[in-house]
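Numbering (our numbering), first residue to last: 52 to 307.
Shown next, in the form of structure tokens:
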């Protein structure tokens, strides 16, 4: 009888031991790419902020043809915290500021290609039209959010450089923008992108205290479990970069 019980228990013990001993998969690299405004043609506009419609469309087509799958920050967070599997070549596509071109141009292109993106909005500028580059409204943000194509997150309330602010001002920038996004869009806002990529230890601590799970700075490289999972790297994609160069940039980021 004892031999029979041992024969039944031993395989279970071995299976549990193998599961417990299996190392976590830290090999998946997740690059995050950043765009801002989309325009009909680049011309003399700064490629650091603007990209032509046809070039952006070509970038998205190149990503899809190369086997990349656009994921969300929520997908990445679940991978880091719960080991939820990711596709073989994940990428997070982002936009900063909340320009109307994101709604009128980027959103339809992404939707038609079956891709997703995150837009980090400046909440004090939502619906602002009396500017050279208007911003989309809360109603338009709600439409994009409800489509499942776009995830709206925070780029602060006034786009101030966080290290130049005191603790109270940083808290207002982080908490007010979070409150407005959650109130207007009936969702959880838990990802923060630093204006200009400027960040220091005080802002990191206060943004975390404000309820954000993930933060974004501007730097080369991809993201993985071995790195600081909370502070994510983002790569600015210049508007004059051809599609093959974009793929090269991502390859280098994922295989430094």
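Every residue gets a Cβ at the ideal spot worked out from N, C-alpha and C, and that includes glycine.
Fair warning: this is a prediction, and the values are worked out from it, not measured in the lab.
Asked, Found
"Which residue wins for smallest C-alpha separation from residue 158, given the options 199, 241, 287?", "199"
"So, do the region 167-184 and the region 141-150 have three or more beta carbon pairs nearer to each other than 8 Å?", "yes"
"So which of 222, 235, 96, 134 has the shortest CA-CA distance to residue 177?", "235"
"Secondary structure at residue 244, three-state DSSP: helix, strand or coil?", "strand"
"If we ignore side chains and look at the alpha-carbon of each, how far apart do residue 100 and residue 213 end up?", "20 Å"
"Within 10 Å of its beta-carbon, does residue 293 have 16 or more other beta-carbons around it, so buried, or fewer, so exposed?", "exposed"
"Distance, Cα to Cα, residue 82 vs residue 273?", "4 Å"
"Buried or exposed, going by whether 16 or more other CB atoms sit within 10 Å of the CB of residue 72?", "Bear in mind that a pLDDT of 36 at residue 72, under 50, signals an unreliable position, so the number given afterwards is only what the model happens to contain. Classification of residue 72: exposed, given that the 10 Å Cβ count is below 16."
"Buried or exposed for residue 88, please, with buried defined as at least 16 other CB atoms from any protein chain shown within 10 angstroms of its CB.", "buried"
"What does the alpha-carbon distance come out to for the pair residue 303 and residue 125?", "24 Å"
"The alpha helix (DSSP H) that contains residue 86, what's its start and end?", "No alpha helix (DSSP H) contains residue 86, which is instead part of the beta strand (DSSP E) from 83-86."
"Where does residue 202 sit, in a helix, a strand or coil, going by DSSP?", "strand"
"Among the candidates 160, 134, 129, 132, whose CA atom is the shortest distance from the CA of residue 106?", "160"
"How many angstroms separate the CA atom of residue 193 from the CA atom of residue 263?", "21 Å"
"Just mark residue 74 as buried or exposed, buried being the case when its beta carbon has 16 or more other beta carbons within 10 Å.", "In this prediction, residue 74 has a pLDDT of 41, which is less than 50 and means its spatial position is unreliable; nothing more can be read from the coordinates."
"Just to confirm, is the Cβ distance from residue 103 to residue 114 under 8 Å?", "no"
"Can you confirm whether the region 251-258 touches the region 220-228 when touching is taken to mean that 3 or more C-beta pairs between the two stretches lie within less than 8 Å?", "yes"
"Hey, out of 301, 181, 225, 191, whose CA is closest to residue 153's CA?", "191"
"Taking residue 202 as the reference, give the member of 210, 241, 209, 186 with the closest Cα.", "241"
"Leaving out five residues on either side along the sequence, give the residues of the same chain with a beta carbon under 6 Å from the beta carbon of residue 228.", "174, 205, 207, 208"
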